[in-house]
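First up is the structure itself, then whatever we jot down about it.
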Amino acid sequence: MPKPAQNAPSVILTLIDGISTEDLLVNLTENLASAHALTCDFAFDLEGTQREGALGIAQLLEVGRLLAERLLDDRAPSPATEPA
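Per the numbering used here, the very first residue in the sequence shown carries number 12; after that it's consecutive.
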């Protein structure tokens, strides 16, 4: 008896080709900022170690956002290197 074919996992999200790195970084920083805000709001409904854990997650999200923003800033040409 033949084995039934396994279904390939369905794709939930795809990124189209041609999106600039700058646009991807901007989207990343916005998503991380949103996740940080949601986590902070959620944390204030908690108490004790659960609250501390949620605030720890919020801090990690904020650090990730700051790192992504730094990458974005480093990609921007400085005024000294821009063509006149």
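For every residue, glycine included, the Cβ atom is placed at its ideal position computed from N, Cα and C. Fair warning: this is a prediction, and the values are worked out from it, not measured in the lab.
Quick one: measure Cβ to Cβ for residue i and residue j, integer angstroms, because I've assumed they're closer than 8 Å.
{"i": "R81", "j": "T32", "result": "With 8 Å as the limit, R81 and T32 do not qualify as a contact, their Cβ atoms being about 14 Å apart."}
{"i": "V37", "j": "L83", "result": "7 Å"}
How would you label residue i, buried or exposed, when you count the other beta carbons within 10 angstroms and need 16 or more for buried?
{"i": "L72", "result": "buried"}
Within its chain, find whatever has a CB closer than 6 Å to the CB of residue i; leave out the 5 residues flanking it on each side and keep chain order.
{"i": "C51", "result": "A69"}
Please go through the same chain and pick out, in chain order, the residues whose beta-carbon is closer than 7 Å to the beta-carbon of residue i, but skip the five residues on each side of it.
{"i": "L26", "result": "none"}
Considering only residues of the same chain and omitting the five flanking positions on each side of residue i, which have a CB-CB separation below 8 Å?
{"i": "F53", "result": "A65"}
Original post:
Do three or more CB pairs link the stretch 37-49 to the stretch 75-84 at distances below 8 Å?
Top reply: yes
Original post:
Of all the alpha helix (DSSP H) runs that stay within the bounds of the stretch 25-63, which reach a length of 4 or more residues?
Top reply: Taking only runs of at least 4 residues, the alpha helix (DSSP H) segments lying wholly in the stretch 25-63 are 32-54.
Original post:
Just checking, does the stretch 64-71 make contact with the stretch 44-55 on the three C-beta pairs under 8 Å criterion?
Top reply: yes
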